[in-house]
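Undergrad: Each residue of the sequence shown is one higher than the one before, counting from 11 in the numbering used here.
Sharing a structure, written as structure tokens. Questions coming.
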Amino acid sequence: MIHSYLDMKIKIILLSFIFLVIGVLNSFGQKMIIQARKKEYVDNIFKAEGDVEVIWEDYRIYAQYVEYNRDTGIVIARGRVTMVSKESVISGEELKFNTRDRTGEMVETYGMMKPTIRFETDRIKQIDDDTLTFNTLDFTSCAQLVPRWKITCKKGRIKKEKYVVMKNAVFWIKKIPIFYIPYLKYPVEKDGRATGFLFPNFGYSDLRGYYLLNAFFWEISSNLDLTIGLDYYSKVGLGNYEELRYLFRKMNGFLKFYYFDYSQDSVFQTDSDYDYYLNAEHIQNIDFLNTKIILKMNYPSDPNFLRQFNNNFDTVLSTNFNSSFNLTSSFSIFNLSVSASRYETYIVQEQVNEDDEVEQVGLSRVTLTLPSISLNVNQKKIGKLPGYFSLKSTYESVERGGYILEGEPEFDSDTKSNRLMVIPQYTLNLFKLPWLSTTVNLEYHNTFYGRSKDPETGEVVDVPLTIGYQMVKAVLKGPSFCRIFDSKKNKAKHLIEPEVTFRYVTSIPEEDQEKMLMVDLKDYPSYSYIGFSLTSRLITKSKLKDGSPTEILTLKLTQQYYLDPEAAHRNQKINDTYPEFSDITGSIAFKPFKDFSLNINVSYNHYLEDFTRLSAKIAYDNKESVVSGYFSYSKIRNPYASADYFFNRSVIRGQLNLNIPDFPIKLYSGINYDITEKEFRSASITAYLDYQCLILNAEFKIFNYLGREETQFNVGISFGNLGMVSGFFGEGE
11 MIHSYLDMKI KIILLSFIFL VIGVLNSFGQ KMIIQARKKE YVDNIFKAEG DVEVIWEDYR
71 IYAQYVEYNR DTGIVIARGR VTMVSKESVI SGEELKFNTR DRTGEMVETY GMMKPTIRFE
131 TDRIKQIDDD TLTFNTLDFT SCAQLVPRWK ITCKKGRIKK EKYVVMKNAV FWIKKIPIFY
191 IPYLKYPVEK DGRATGFLFP NFGYSDLRGY YLLNAFFWEI SSNLDLTIGL DYYSKVGLGN
251 YEELRYLFRK MNGFLKFYYF DYSQDSVFQT DSDYDYYLNA EHIQNIDFLN TKIILKMNYP
311 SDPNFLRQFN NNFDTVLSTN FNSSFNLTSS FSIFNLSVSA SRYETYIVQE QVNEDDEVEQ
371 VGLSRVTLTL PSISLNVNQK KIGKLPGYFS LKSTYESVER GGYILEGEPE FDSDTKSNRL
431 MVIPQYTLNL FKLPWLSTTV NLEYHNTFYG RSKDPETGEV VDVPLTIGYQ MVKAVLKGPS
491 FCRIFDSKKN KAKHLIEPEV TFRYVTSIPE EDQEKMLMVD LKDYPSYSYI GFSLTSRLIT
551 KSKLKDGSPT EILTLKLTQQ YYLDPEAAHR NQKINDTYPE FSDITGSIAF KPFKDFSLNI
611 NVSYNHYLED FTRLSAKIAY DNKESVVSGY FSYSKIRNPY ASADYFFNRS VIRGQLNLNI
671 PDFPIKLYSG INYDITEKEF RSASITAYLD YQCLILNAEF KIFNYLGREE TQFNVGISFG
731 NLGMVSGFFG EGE
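Following this line, the structure appears as structure tokens:
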């Protein structure tokens, strides 16, 4: 009897508790679980005490005492309260939270956000599901128990999983204040970008003096941002730039503009008080007729202005600037293209002046094409005839001006040419087998010039000229040979693929050739030749791992025999003759495993008994390895110019990276040595210190080439997710 009474009492208590929990669940509107040592429910107020745990939606609340008012929907928690969500963990002395509008506040707060962000504040408020506000804050993303850096600020807000906005922020390293910034937007996401000032980069240059690079990044929207930079150089002047980036569903691009204002005592000798540089790209797709628009701008006010700032020594001798507009549309088998372009090549040469002093002289060559209109017909079968018919037609107005160098084809400079090119083409695949294929192309080239040259005076006259020639080209690929090598772990396939090309071009009457305007290489007609190439490939595939086959070794050898040597060499001679054979060219690409590669490319001219091109590069690119980097050698010789031609160069380049495990400093070093001039173009060493959450980048460079004698040193610093300024021209990268 007693046992029955106890069982009944237990059931009543359990049933009452169930109803109590159901009442709480209904009041929250969502599933809630509350666990505590002691619970009671009086006058619509639920109280829990002793190791209380509240589970509601994505929230977890831990406290010693929790009180919930069913009428107001307010939860009050005391006793070292901890509130956990998927975005953060916040602890404090007291919490007041409204479950209906998801607002609340916590006092004496310590918080954490992914991945390593920590903050402290006397009071933090949640004003909606995603936003917290505060009046004072100590903030860091350093994972150390004693942070190596922190930011203190007054007033701001936290956007969960996005960013932290701080006003009147002060950066501290240990206990030392470093600098003040009025506004900062710190990205919470790793590698994220948010509105705010980037950490400045500062350094010294013999050429430009002390410099300080500053930038402000503005995240206008998720697909639109703007970077504004201000650069100060003590010996030169002040530069500022804007970089706008955008990405929409059917268009994307960027716009960069740099303006430099020279100081009155600038060490740069210029004809103007300022210089500028515009670099832009816009790509847009239009549904009508599958239209695509591409606009590119790469234009300096003075090419030498960029040379004084650019640290890329591949552009020391020659730099190209290309601006263009291109619109393409397609319908059925028709393709229409309308374009305009400006192509400038800027070179620097050493010349002896009247005082027998060597000086550097900048020269420009500009080719302007305005407009260029092309209408092409894609390959189309005609009735039951075998093969395919296609048509290319282009109208161009081309103007060329500037220098002509030794060893270049003869061009008509400082003149304008209007031409219409119409090329019907017929393609026939005679047979196509897995190991053998033959393709024949028949073309008829017609070019109509609006102007021509007087053969007697050489002057340009308004007399039309029509040039026409036929071309037949046959390509025989194969027969190919292969052999399979099989082992327990790997399977290898060795392929040998020969190829023979024959091209015959009818000649143009000599009197017509004398009348032609030659403004670019398109005006030089094709030539007849017989070519041969042999390719050898080694392909392997592991039997133990899934994946695609890997080509670990490729060897290729090619040469041509010219049936018309004068046309093939564009009227240029080598050793007072037109060679009948081209350079022998060969290439080797060897990649025995993922991170190692060897590439060799050679062109040998047996008339000169010298290499016209030779490049070799060996690289080991394993980021986790202690040592990585590359070493390369390159040689270029113009076969039509003298041996001491200015652009004939042999250069050694190398880079060595050192990454010792468990050592905080990574070292990157590089050299660029000109064998021809027997001097270093440049040498650099960069130390990258990742001191847990403090990143320091220090770089030292030496330049000595073509009058550019300079020593550079710059330092950049970054805290957590905040990046450092790289500069418009790459300083500090």
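C-beta: ideal position from N, C-alpha, C; glycine also.
These numbers come from a predicted model, not from an experiment.
Quick one: give me the first and last residue of the alpha helix (DSSP H) that E521 is part of.
TA: Unbroken alpha helix (DSSP H) run through E521: E520 to Q523.
Undergrad: Using three-state DSSP, classify D533 as helix, strand or coil.
TA: If DSSP states are grouped into helix, strand and coil, D533 belongs with the helices.
Undergrad: Could you say if the region 518-529 and the region 480-493 meet the contact criterion of at least three C-beta pairs nearer than 8 Å?
TA: Touching, no.
Undergrad: For the candidate residues P310, L438, V246 and S347, whose alpha-carbon lies nearest to that of S273?
TA: Nearest C-alpha to S273: V246.
Undergrad: Hey, would you say N615 sits closer than 7 Å to D593, going by beta carbons?
TA: Yes, they are a contact pair.
Undergrad: Could you have a look at F38 and say whether DSSP puts it in helix, strand or coil?
TA: Note that F38 scores 40 on pLDDT, short of 50, meaning its location in the model is unreliable; the coordinates nonetheless yield the value given after this. Reduced to three states, the DSSP call for F38 is helix.
Undergrad: Please go through the same chain and pick out, in chain order, the residues whose beta-carbon is closer than 8 Å to the beta-carbon of K583, but skip the five residues on each side of it.
TA: Closer than 8 Å at Cβ, skipping near neighbours: Y650.
Undergrad: Could you say which of L563, Y588, D556 and P559 lies nearest to Y571 if we only look at CA atoms?
TA: Of the candidates L563, Y588, D556 and P559, the one whose C-alpha sits nearest the C-alpha of Y571 is Y588.
Undergrad: Restricting to Cα atoms, I'd like to know which of I161, K165 and D241 is closest to I188.
TA: Checked all of I161, K165 and D241; the closest Cα to I188 is I161.
Undergrad: Which ranges would you report for the beta strand (DSSP E) in the region 30-112 if only whole runs of at least 3 residues count?
TA: Entirely contained in the region 30-112, the beta strand (DSSP E) runs reaching 3 residues are, in chain order, 42-45, 48-52, 55-66, 69-79, 84-94 and 98-108.
Undergrad: First and last residue of the alpha helix (DSSP H) that includes N314?
TA: Per DSSP, N314 belongs to the alpha helix (DSSP H) from P313 to F319.
Undergrad: How far does the alpha helix (DSSP H) with P310 in it reach, from first residue to last?
TA: That residue, P310, is in no alpha helix (DSSP H); its beta strand (DSSP E) goes T301 to P310.
Undergrad: Per DSSP, which one or two residues make a beta bridge with N609?
TA: Paired residue(s): A599 and K627.
Undergrad: Taking the Cβ atom as the reference point for each residue, do I705 and S728 lie within a distance shorter than 7 Å?
TA: Yes. Within cutoff.
Undergrad: Under 7 Å Cβ to Cβ from C492, same chain only, skipping five residues before and after it: list those, please.
TA: Once the five neighbours on either side are set aside, the close Cβ partners of C492 are K503, H504 and L505.
Undergrad: What's the C-alpha gap between G733 and R255?
TA: Cα-Cα distance, rounded: 18 Å.
Undergrad: Would you kindly report the start and end of the unbroken beta strand (DSSP E) that includes A708?
TA: Start and end: L704 to Y715.
Undergrad: For the beta strand (DSSP E) holding E720, just list the boundary residues, first then last.
TA: Here the beta strand (DSSP E) through E720 covers R718 to F729.
Undergrad: DSSP on T325, reduced to helix/strand/coil?
TA: Here T325 sits in helix by DSSP.
Undergrad: Looking at the secondary structure, which residues open and close the beta strand (DSSP E) in which A350 lies?
TA: F344 to V362 is the extent of the beta strand (DSSP E) around A350.
Undergrad: When you compare only the Cα positions, how much space is there between A626 and H579?
TA: Answer to the nearest angstrom: the Cα atoms are 27 Å apart.
Undergrad: Straight-line CA distance for K633 to N667?
TA: Rounded to the nearest angstrom, the two C-alpha atoms are 9 Å apart.
Undergrad: Could you tell me whether the region 389-404 touches the region 348-364, where touching means 3 or more Cβ pairs closer than 8 Å?
TA: Touching, no.
Undergrad: Smallest Cα separation from S438: which of D464, K483 and T425?
TA: Per the sequence presented here, residue 438 reads as Leu, with Ser not at that position. When only C-alpha atoms are compared, the closest one is K483.
Undergrad: Opposite K676 in the DSSP bridges: which residues?
TA: Looking at the DSSP assignment, K676 forms a beta bridge with N669 and Y698.
Undergrad: Return yes when the Cβ of N314 is within less than 7 Å of the Cβ of F331, no when it is not.
TA: Against a cut-off of 7 Å, the Cβ pair of N314 and F331 comes out as no contact.
Undergrad: If you drop the 5 nearest sequence neighbours on each side, which residues of the same chain put their C-beta closer than 6 Å to that of T404?
TA: Once the five neighbours on either side are set aside, the close Cβ partners of T404 are S384 and M431.
Undergrad: Determine the contact status of T119 and I137, defining contact as a CB-CB distance below 7 Å.
TA: It is not a contact, given that the beta carbons lie outside the stated cut-off.
Undergrad: Pull the bridge partners of V376 from the DSSP assignment, please.
TA: E354 and G411.
Undergrad: Along the chain, where does the beta strand (DSSP E) that runs through P508 open and close?
TA: Taken as a continuous stretch (DSSP letters only), the beta strand (DSSP E) holding P508 covers N500 to V515.
Undergrad: Looking only at its own chain, which residues have a Cβ that is under 6 Å from the Cβ of T686, when we skip the five neighbours before and after it?
TA: Counting only Cβ-Cβ distances below 6 Å, and skipping sequence neighbours, we find R659 and S660.
Undergrad: What's the C-alpha gap between V510 and T545?
TA: Taking the straight line joining both Cα atoms gives about 12 Å.
Undergrad: Would you mind reading off the limits of the beta strand (DSSP E) that contains E619?
TA: No beta strand (DSSP E) contains E619, which DSSP labels as neither H nor E.
Undergrad: Just checking, does the region 56-74 make contact with the region 83-98 on the three C-beta pairs under 8 Å criterion?
TA: Result yes; three or more Cβ-Cβ pairs closer than 8 Å.
Undergrad: Please list the segments of the beta strand (DSSP E) lying wholly inside the region 124-152, counting only runs of 3 or more residues, in order along the chain.
TA: DSSP runs (the beta strand (DSSP E)) wholly in the region 124-152: 127-136 and 141-150.
Undergrad: Within 8 Å, do at least three Cβ pairs link the region 285-300 to the region 249-267?
TA: The answer is yes - the region 285-300 touches the region 249-267, with three or more Cβ pairs under 8 Å.
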